[in-house]
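Asks: For the sequence shown, the UniProt record's numbering assigns the number 1 to the initial residue and increments by one for each residue that follows. Glycine included, each C-beta is placed from N, C-alpha and C at the ideal position.
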Amino acid sequence: MFNRIIRNVIHKSEKRIVKKLINDVKKVYGKEIILFQIAEACLEQPDGTIRDKIFPIVGKDKLKNIIDEYKKKGPKYQSLLHQQIRSSYASYYRRMVQPLLENVTFRSNNSEHQPILDALGLIKKYFDSNTVYFPDDEDIPDCLPDKWKKRIVDARTGKIKRICYEVYVLKKLADRIRCREIWIEGSFKHKNPDEDLPNNFEDNKEEYFDDLSLPIDGDVFIEQLKQKLTGALTTLNDTIPKNPKVRISTQNGGRIIVTPLTPQAESKNVGFIKKYLQEKWEGTNLIDMFKEVDLENQFTHDFISYGQKTYLKPNEISERILLTIYGMGTNVGLKHMCAGNPHISDHQLRHIKNYFLSTDNLKNALSKVANALFKLRLEEIWGGMPIARGKSRYVCKWVTSLLKPATTLSAYEL
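(1) Using CA coordinates, which residue listed in 322, 191, 350 and 153 is at the minimum distance from residue 335?
(2) Among the residues of its own chain, which have a CB less than 6 Å from the CB of residue 127, if the five just before and after it don't count?
(3) Look up residue 38 in the DSSP assignment and say whether it is helix, strand or coil.
(4) When you compare only the Cα positions, how much space is there between residue 415 and residue 176?
(5) Could you give the distance in angstroms between the alpha-carbon of residue 273 and the alpha-carbon of residue 213?
(6) Is the stretch 303-312 touching the stretch 344-361, taking contact as three or more C-beta pairs under 8 Å?
(7) If you measure between the beta carbons of residue 54 and residue 41, is that distance less than 8 Å?
(8) Around the Cβ of residue 300, are there at least 16 other Cβ atoms within 10 angstroms (buried) or fewer (exposed)?
(9) For residue 119, count neighbouring Cβ atoms within 10 angstroms of its own Cβ and tell me buried if that reaches 16, exposed if not.
(10) Along the chain, where does the beta strand (DSSP E) that runs through residue 350 open and close?
(11) My understanding is that residue 170 touches residue 6, with C-beta atoms under 8 Å, so please give their C-beta distance in whole angstroms.
(12) Leaving out five residues on either side along the sequence, give the residues of the same chain with a beta carbon under 8 Å from the beta carbon of residue 102.
(13) Count the CB pairs spanning the stretch 228-247 and the stretch 138-146 that are closer than 8 Å, and state whether there are at least three.
(14) Are the beta-carbon atoms of residue 85 and residue 153 separated by less than 8 Å?
(15) State the DSSP-derived secondary structure class of residue 272, mapped to helix, strand or coil.
(16) Taking residue 256 as the reference, give the member of 264, 247, 262 and 263 with the closest Cα.
(17) From the DSSP output, read off the bridge partner residues of residue 133.
(18) Quick check on residue 281: does DSSP put it in helix, strand or coil?
(19) In whole angstroms, give me the CA-to-CA distance for residue 367 and residue 323.
(20) Considering only their Cβ atoms, is the gap separating residue 141 from residue 122 smaller than 8 Å?
(21) With DSSP run on the structure shown, which of helix, strand or coil describes residue 201?
(22) Please list the terminal residues of the continuous alpha helix (DSSP H) segment that includes residue 257.
(23) Could you check if residue 327 is buried or exposed, using at least 16 other CB atoms within 10 Å of its CB as the buried criterion?
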């Protein structure tokens, strides 16, 4: 939410300014030729006047268009963009930011980003103030690059403009959150990056880096990555004329088109498993499997309606939930799901979709089915592990969550 607000402030402001400038500016083509003609005329008759020698070559109106084009594309564009961003933030988006800052706690494991957190505290302190500038005796954290300071410092008084300072601090904060240099308490996507590491990472750091075939020294890793990327780009550049799988398109600015790789041959054991499943459940439709899972676990009974009253019977709700999920999940559509069910209309399925298919209901249903699958697993193979997965040619079981690096206890090659 926070990143989306900051992105909207900047991107929508850019669109407004670009649209406005396009309407105002008339692009001048062939400026290199114009420059050549002016230079040639100046060298041939250095004592001539501009009106006599330059205007016959380049008209006064064309020179005016060149000046206007440069002004619109140059520093004036940045100034207009800054004014638009500040205006959009102060008049609309600022009221959304205040409750976020008051209810969200930001943290950082790097002391280098502490000035940004201090700046947030300063912003919250003066958020309800009506003053244009920060007080002279207030300590302003210096966390912004020099190219931004000329936008937030009043050239006449040298004071810090409060609203402008907020805009650029929040932009800096959004960038740091995106790369997780600053994290949010209680968040999952933007949580503390140290939580992604195993508990014994510091004690067994060398072992983990060795398993990943990575050097411990960050500078060595960066140098190796640079060499690898440079070598790959050099090879691509040298082999493009003779490479049948890579070509440069003449459209859209010369995009590089890469031919998809040839699929690998299927493993023999995967073929054996497919054959066994086909022999055991030959001709079983997906909707039948879907229905059997519900009869076994009754996960549709946990779907709660958004409405205040429910007039349908439980078995009618279950039937329509299964048809709705199947129609949406397989991309068949709700209308086609009613073709073989004359007692159900697409209007009724849309009602189920709007009032029953909520995120929480679907999460609870998935959790119930997953727990039932865990109970069916053979403990002599998987033990008591809560997580298992298949990847490439291996089926593995893991100690902890798949979101965290963990040691594989067992691996079975297919």
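Replies: Judging by the given coordinates:
(1) Translated into the one-based positions of the sequence shown, residue 335 becomes position 335. Per the Cα distances, 350.
(2) Position 127 of the sequence shown, counted from the first residue, corresponds to residue 127. Result list for residue 127: 98, in chain order.
(3) If you number the sequence shown from 1, residue 38 lands on position 38. The answer is helix: DSSP assigns residue 38 an H, G or I state.
(4) Lying before the first or after the last residue shown, residue 415 is absent from the chain, which here runs from 1 to 414.
(5) Within the sequence shown, the letter at position 273 stands for residue 273. Within the sequence shown, the letter at position 213 stands for residue 213. The straight-line gap from Cα to Cα measures roughly 33 Å.
(6) yes
(7) Numbered from 1 along the sequence shown, position 54 holds the residue referred to as residue 54. Numbered from 1 along the sequence shown, position 41 holds the residue referred to as residue 41. Yes, the Cβ-Cβ distance between residue 54 and residue 41 is below 8 Å.
(8) As a first step, residue 300 must be located in the sequence shown, where it is residue number 300. Label assigned to residue 300: buried.
(9) Counting from one through the sequence shown, the residue named residue 119 turns up at place 119. Classification for residue 119: buried.
(10) The sequence position of residue 350 within the sequence shown is 350, counting from 1. The continuous stretches of beta strand (DSSP E) do not include residue 350, which lies in the alpha helix (DSSP H) extending over residues 346-355.
(11) For the purposes of this step, residue 170 is identified with residue 170 of the sequence shown, where counting begins at 1. For the purposes of this step, residue 6 is identified with residue 6 of the sequence shown, where counting begins at 1. The beta-carbon separation of residue 170 and residue 6, rounded to 6 Å, stays under the 8 Å limit for a contact.
(12) Residue numbering aside, residue 102 sits at position 102 when the sequence shown is read from its first letter. Only 124 meet the Cβ criterion.
(13) no
(14) Working through the sequence shown from its first residue, we reach residue 85 at position 85. Working through the sequence shown from its first residue, we reach residue 153 at position 153. Result no, Cβ atoms of residue 85 and residue 153 do not sit closer than 8 Å.
(15) The residue given as residue 272 occupies position 272 in the sequence shown. Taken through DSSP and simplified to helix, strand or coil, residue 272 comes out as helix.
(16) As a working mapping, residue 256 is identified with position 256 in the sequence shown. If we check each option's Cα against that of residue 256, 247 comes out closest.
(17) Here the question's residue 133 lines up with position 133 in the sequence shown. Residue pairing from DSSP places residue 133 in a beta bridge opposite 161.
(18) If you number the sequence shown from 1, residue 281 lands on position 281. Coil, per DSSP.
(19) Start at 1 with the first residue of the sequence shown, and residue 367 comes out as number 367. Start at 1 with the first residue of the sequence shown, and residue 323 comes out as number 323. Spanning the two alpha carbons is a distance of roughly 20 Å.
(20) Reading the sequence shown from its first residue, position 122 is the one you call residue 122. Reading the sequence shown from its first residue, position 141 is the one you call residue 141. Going by C-beta atoms, residue 122 is nearer than 8 Å to residue 141.
(21) Taking the first residue of the sequence shown as 1, we reach residue 201 at position 201. Residue 201: coil per DSSP, three-state reduction.
(22) Working through the sequence shown from its first residue, we reach residue 257 at position 257. That residue, residue 257, is in no alpha helix (DSSP H); its beta strand (DSSP E) goes 256-258.
(23) Against the sequence shown, residue 327 aligns to sequence position 327. With 16 or more Cβ atoms within 10 Å of its Cβ, residue 327 is classed as buried.
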